[in-house]
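Residue numbers (this note's numbering): 101 to 201.
Following this line, the structure appears as structure tokens:
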């Protein structure tokens, strides 16, 4: 009976060791997965930040393009208005000279 008890205790000890090893391996794998997920979360955060920055810059560039076009149109219209005014003064001056002659 003593040998049988000793063999049972050895079997329990071996099984306990196997279980402890398996649990330790699981814990290591959990830590690995935790570290990998942390890295992936950081990568996604940075990717999102880069995308938000890119989109902001695209919108800013579009606004500047529109402002530039408005300024160009404003200058063109001011030049047209000035030319029309100069032409009107020229006609008045010509008509005045013709009327006095």
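Just so you know, even glycine gets a beta-carbon here, dropped at the ideal spot from N, CA and C. Since the model is a prediction, treat every value here as computed from it, not as a measurement.
Quick check: what's the CA-CA separation for residue i versus residue j?
i: residue 122; j: residue 162; result: 59 Å
i: residue 175; j: residue 191; result: 24 Å
i: residue 201; j: residue 188; result: 20 Å
i: residue 125; j: residue 140; result: 22 Å
i: residue 119; j: residue 143; result: 36 Å
i: residue 135; j: residue 171; result: 54 Å
i: residue 117; j: residue 138; result: 31 Å
i: residue 186; j: residue 180; result: 10 Å
Using three-state DSSP, classify residue i as helix, strand or coil.
i: residue 135; result: helix
i: residue 101; result: coil
i: residue 201; result: coil
Less than 8 Å between C-beta atoms, sequence neighbours within five positions excluded: which residues of the same chain meet that for residue i?
i: residue 146; result: none
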